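What follows is one structure encoded as structure tokens, with my remarks underneath.
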Amino acid sequence: MMIDLFRKMQWLVFACLLSGGVLATELENSEGTAAETPTPTLPAETIQEVVVTAEFRDVSLLDTGNSVSVLDSQQIERRQARHLDQLLNLVPNVNFSSGASRGKFIQIRGIGERSQFIEPLNPSVGLLIDGIDFSGIGGAATTLDLRQVEVLRGPQGTLYGANALAGLINMTSNNPTDIFEGHIETSIAEYETRTTSAVLSGPIADNLGYRLAVQGHRSDGYIDNEFLNRKDTSNIDELTARGKLQWQASDRLQLNFTGFYVDADNGYDAFSLDNTRNTLSDQPGHDRQESTAFAVESIWQATEQFDVVGLVSYADTNLEYSYDEDWSFAAICDDQPCEGWAYSSFDRYQRSRYNGTLDLKLISNEAGRLFNGASDWVLGIYYRRQNESLLRQYTYADGDFTSDFDTRNRAVYGQLDTRLSDRLKLVSGARIEFRRADYLDSEGVRHDTSERLWGGRLALEFGLSPETLLYGLVSRGYKAGGVNSNPELDSDARDFDTEYMWNVETGIKGDWLDRTLQVNLALFYQMRRDMQVKQSLVKPITGDLCPCSFIDTFDNASKGRNYGLELMFDWLAMEDVQVYGSLGLLRATYQDFESLSHVDADPENNVAVDLDGREQAHAPSYQFSLGVEVALTGQMSAALEMEGKQQFYLSPRHNARSNRYELFNARLEYRVQQWDFMLWGRNLTDRDVIVRGFGGFGNDPRNFYQTEPYYQYGEPRIVGATAKYRF
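Counting in this note's numbering, the sequence shown runs from 174 upward without gaps.
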């Protein structure tokens, strides 16, 4: 009943907006005037400056010696993205893995997790949402009212520490405004996709402003369950709410309050025995996440020499991940040659996680620079406490499995930005981190570790001209070791070591052709030591060769090597034509590593396979995006985008690969007064895109569990319409 009411409200809002837009057009044409000038669809003369907020100081994208991509609100709206995974193909050398309702496991330059089951996770890619740590739980990364998404590639050993070996993704929402404004928006699309959102922002008093945003997003998903005769077993049902208060408490003190809530009640029924979008599951699973979080930031101008910036954040998250392990129904083999071969199994993982952080830093002002005014400086301390508890309920387990994983991170960090000359700057930073991790589970596995970790960065930035920056850097990142929780593993395989990585990078950034062309080009070479690699041991469930289950385990390869190129550009080719794009080239290989795999269809014969020189998983050798936006009139614009990716290995355990693909997206937008109407489409050629896959085992009793690969497909062609009213 509530779902029907929600859909009726969306249709009503959409109809009202549409009729309002038509009426406004008629009034404008009849009277010759409009209430306000339509918003230009393209920048008129120059490419606008982009500011990166994830660094210690806000800095122009073209003035930071780092490989960074920034996706602003216009790019998010252009794609009608509702989640981070719908944006990542725009960023060079960034990939993701699904195996869930969303692509919430992210890899940067080939480094990052691909899944999580029973094991505790130490993320390789940091994820911050308005300063709140959501690393490892990317289901919260919805795009409601975002100002921009910043992707920092390479280890952020000074900036963020243990959870940013591969890089950092920083998502920031819009701040309160000085005047009252807002909008309501509704969108409809195929597969019963409905989105409704509203934003209000303005002043409460002269020194106090607010911003509120809420969004409901629903879809039946792209799976037809033929056994249950349902089209919504992989549905999306997401509610997001954000709130901000900005208080100028005094001339020297500003306080920023942030509240965030996301409730994703999504289905998970993605894998088919026939590798189609038609499933046979009798027990569809779920991919649920409910997160409540808040943050308080204080900016205090303590003296003329430095500011004190503090951030306190807290996030409480409950997750459920479950699935029908046999991907079929119990009677699939009745009266068939395979009678007696079928099995039925369900697996559920329920996690409860909370984390709190405290980050306090001193940031120098102009009067506080060191060494005769040549060096800006930052000095900070950091504390993070996280606890994650797990309840696993599995058909073939003797009983429920529980575990508790508690980590505490303390760090001291600092950075100097020293002007060696008018055109040359040296950036030197370091971070020392102390980490303690305690693990205990119901099978009696206990693991307690204490580590001292360090990372940092040394960079030279040279201004070739006022419009061009050349930089080179050496940075060191780290990822803490951990525990393999499965008690069936040998004692010497229960833990794995800390991984360290050295990153050497050089690049050039420019704002050229009278500020109509922005280019960022980076070359990098990364050397990984004690590289952490996730593997799976195949184990029969019932004593026969199949069906099979898996024992996930992390191991350390001796070395790994990742190197490549990243290019981003934005070109205002003509006054009404904007061309933009990116290119990522990557070579990522294992070195001196033997993977645990198996021979043919016999999972009992797990053997070591030499992977020296083989490409790392989820590391495509190239990916690109290319788009053009044209202002057809003062009120109308059109855009066409193309994106592509080379095939890549899905795991080190088997030889299954994704498919190479090229996708086309389009948008037609019309703006009149306060109304904005858009027709849009993604994946217009309806390509099947593999976003997760398994190989090296069989799960189909109809062919007596013959070994074959299985794939999860991403979004098919989807066409929709959006209406927005601004006030």
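Backbone N, C-alpha and C fix where the C-beta goes; we use that ideal spot for every residue, glycine too. As the structure is a prediction and not an experimental result, all values here were calculated from the model.
*Rounded to whole angstroms, how far is the Cβ of W550 from the Cβ of Q523, which I believe are closer than 8 Å?*
Here residue 550 corresponds to residue number 377 of the sequence shown, with the count starting at 1. Here residue 523 corresponds to residue number 350 of the sequence shown, with the count starting at 1. Not confirmed; about 46 Å, so no contact.
*Completely contained alpha helix (DSSP H) runs for the segment 347-417, where each covers 4 or more residues*: Listed in chain order, nothing qualifies, since the segment 347-417 has no complete alpha helix (DSSP H) run of 4 or more residues.
*Within this structure, are the beta carbons of R865 and S495 separated by less than 7 Å?*
Walking along the sequence shown from the start, residue 865 turns up at place 692. Walking along the sequence shown from the start, residue 495 turns up at place 322. Cβ distance not < 7 Å, so R865 and S495 don't count as in contact.
*asked:* Taking DSSP's pairing of strands, which residues face T914 in a bridge?
replied: As shown, the chain starts at 174 and ends at 900. That puts residue 914 outside it, with no answer to give.
*Return the chain-ordered list of same chain residues with a C-beta closer than 6 Å to the C-beta of E354, the five sequence neighbours on each side being excluded.*
Looking up residue 354 in the sequence shown gives position 181. Around E354: S374.
*Where does A207 fall in DSSP's three states?*
Residue 207 sits at position 34 when you count from the first residue of the sequence shown. Reliability fails at A207, whose pLDDT of 35 lies under 50, so the model's placement of it is uncertain and the value that follows must be treated cautiously. In the structure shown, A207 sits in coil (DSSP, three-state: anything other than H, G, I, E or B).
*Report the rounded CA-to-CA distance for T331 versus G628, giving the unit in angstroms.*
Against the sequence shown, residue 331 aligns to sequence position 158. Against the sequence shown, residue 628 aligns to sequence position 455. In a straight line, the C-alpha of T331 is about 6 Å away from that of G628.
*Nearest-angstrom beta carbon gap, E624 and T671 [assumed within contact, 8 Å]*: By one-based count along the sequence shown, residue 671 stands at place 498. By one-based count along the sequence shown, residue 624 stands at place 451. Yes, they are in contact, since the Cβ atoms of T671 and E624 sit about 6 Å apart, within 8 Å.
*Quick one: grab the DSSP three-state call for D703.*
Residue 703 sits at position 530 when you count from the first residue of the sequence shown. Three-state DSSP puts D703 in a strand.
*Confirm, please, whether the CB-CB distance from V862 to G893 is below 7 Å.*
Position 720 of the sequence shown, counted from the start, is the residue given in the question as residue 893. Position 689 of the sequence shown, counted from the start, is the residue given in the question as residue 862. Not a contact, by the Cβ cut-off of 7 Å.
*Hey, how far is the Cα of T726 from the Cα of L662?*
Counting from one through the sequence shown, the residue named residue 726 turns up at place 553. Counting from one through the sequence shown, the residue named residue 662 turns up at place 489. Using only the alpha carbons, I get a separation of about 8 Å.
*S660 by DSSP, collapsed to three states: which one?*
By 1-based counting over the sequence shown, the position of residue 660 is 487. Looking at the sequence itself, residue 660 is Pro, so the reference to Ser does not match. Coil, per DSSP.
_Between F278, F544, F867 and N856, which has its C-alpha nearest E814's C-alpha?_
Working through the sequence shown from its first residue, we reach residue 814 at position 641. The shortest CA-to-CA distance from E814 to any of F278, F544, F867 and N856 is the one to N856.
*Determine the direct distance from the alpha carbon of A414 to that of D684, and round the result to whole angstroms.*
As a working note, residue 684 is residue 511 in the sequence shown. As a working note, residue 414 is residue 241 in the sequence shown. About 37 Å.
_Once the 5 residues before and after Q945 are set aside, which same chain residues still bring their CB inside 8 Å of it?_
One cannot answer for residue 945 here, as it falls past the ends of the chain, which runs 174 to 900.
*Okay, do the segment 539-559 and the segment 503-523 touch, 3+ Cβ pairs below 8 Å being the bar?*
no
*So the alpha helix (DSSP H) L724 belongs to, where does it begin and stop?*
For this step, residue 724 is matched to residue 551 along the sequence shown. Looking at the sequence itself, residue 724 is Ile, so the reference to Leu does not match. Looking at the DSSP string, I724 is not in any alpha helix (DSSP H); the run it does join, the beta strand (DSSP E), is C721 to M747.
*Beta-bridge partners of E835, as assigned by DSSP*: Reading the sequence shown from its first residue, position 662 is the one you call residue 835. Looking at the DSSP output, E835 sits in a beta bridge with G817.
*How many angstroms separate the CA atom of T226 from the CA atom of L341?*
Residue mapping note: residue 226 aligns to position 53 of the sequence shown, counting from 1. Residue mapping note: residue 341 aligns to position 168 of the sequence shown, counting from 1. Taking the straight line joining both Cα atoms gives about 12 Å.
*From the DSSP output, which residues share a beta bridge with H459?*
Along the sequence shown, one-based indexing puts residue 459 at 286. Looking at the DSSP assignment, H459 forms a beta bridge with G440.
*asked:* Cutting at 8 Å between CB atoms, please list the residues of its own chain near R667, excluding the five before and the five after it.
replied: Along the sequence shown, one-based indexing puts residue 667 at 494. Counting only Cβ-Cβ distances below 8 Å, and skipping sequence neighbours, we find V618, H620, V656 and N657.
*Taking the C-alpha atoms as reference points, what is the distance between L637 and L263?*
Mapped onto the sequence shown, residue 637 falls at position 464. Mapped onto the sequence shown, residue 263 falls at position 90. Going from the Cα of L637 to the Cα of L263 covers about 28 Å.
*Roughly how far, in whole angstroms, is the beta-carbon of Q796 from the beta-carbon of Q820, given that I think they are within contact range, below 8 Å?*
Indexing the sequence shown from 1 puts residue 796 at position 623. Indexing the sequence shown from 1 puts residue 820 at position 647. Actually they do not touch by this definition, with Cβ atoms about 11 Å apart.
_I'd like the ranges of any beta strand (DSSP E) spanning at least 3 consecutive residues and lying wholly in the segment 283-312._
298-302
*Helix, strand or coil: which one does DSSP assign to A603?*
Locating residue 603 in the sequence shown gives position 430, where the first residue counts as 1. Three-state DSSP puts A603 in a strand.
*Nearest-angstrom Cα distance between R608 and K534?*
Position 435 of the sequence shown holds residue 608. Position 361 of the sequence shown holds residue 534. Looking at the two C-alpha atoms, the distance is approximately 20 Å.
*How long is the line joining the alpha carbons of A811 and D859, rounded to whole angstroms?*
Indexing the sequence shown from 1 puts residue 811 at position 638. Indexing the sequence shown from 1 puts residue 859 at position 686. Distance between the alpha carbons of A811 and D859: 20 Å.
*Hey, is the segment 295-315 in contact with the segment 472-483, meaning 3+ C-beta pairs nearer than 8 Å?*
no
*From the DSSP output, read off the bridge partner residues of D849.*
Stepping through the sequence shown from its first residue, residue 849 is reached at position 676. DSSP lists R844 and K897 as partners of D849.
*asked:* Out of S501, N538, F877 and Q456, which one is the CA nearest neighbour of F229?
replied: For the purposes of this step, residue 229 is taken as residue 56 along the sequence shown, with counting starting at 1. When each option's Cα is compared against that of F229, the closest is N538.
*For my contact list, F430 and L418 are in at a C-beta cut-off of 8 Å; report their separation, rounded to the angstrom.*
Here residue 430 corresponds to residue number 257 of the sequence shown, with the count starting at 1. Here residue 418 corresponds to residue number 245 of the sequence shown, with the count starting at 1. Rounded, the Cβ-Cβ distance is 4 Å, consistent with contact.
*So, D497 versus A386, is the Cβ gap smaller than 7 Å?*
Here residue 497 is taken as the residue at index 324 of the sequence shown, counted from 1. Here residue 386 is taken as the residue at index 213 of the sequence shown, counted from 1. No, the pair does not count as a contact, with Cβ atoms beyond the cut-off.
*Give the straight-line distance between the Cα atoms of G389 and L710, rounded to the nearest whole angstrom.*
Taking the first residue of the sequence shown as position 1, residue 389 is located at position 216. Taking the first residue of the sequence shown as position 1, residue 710 is located at position 537. In a straight line, the C-alpha of G389 is about 40 Å away from that of L710.
*asked:* So the candidates are N266, S407 and L428; which of them puts its Cα closest to the Cα of I472?
replied: Position 299 of the sequence shown, counted from the start, is the residue given in the question as residue 472. Ranking N266, S407 and L428 by CA distance to the CA of I472 puts L428 first.
*Distance, M851 Cα to R558 Cα*: As a working mapping, residue 558 is identified with position 385 in the sequence shown. As a working mapping, residue 851 is identified with position 678 in the sequence shown. Rounded to the nearest angstrom, the two C-alpha atoms are 44 Å apart.
*Is DSSP giving D497 helix, strand or coil here?*
Position 324 of the sequence shown, counted from the first residue, corresponds to residue 497. DSSP places D497 in strand when its eight states are reduced to three.
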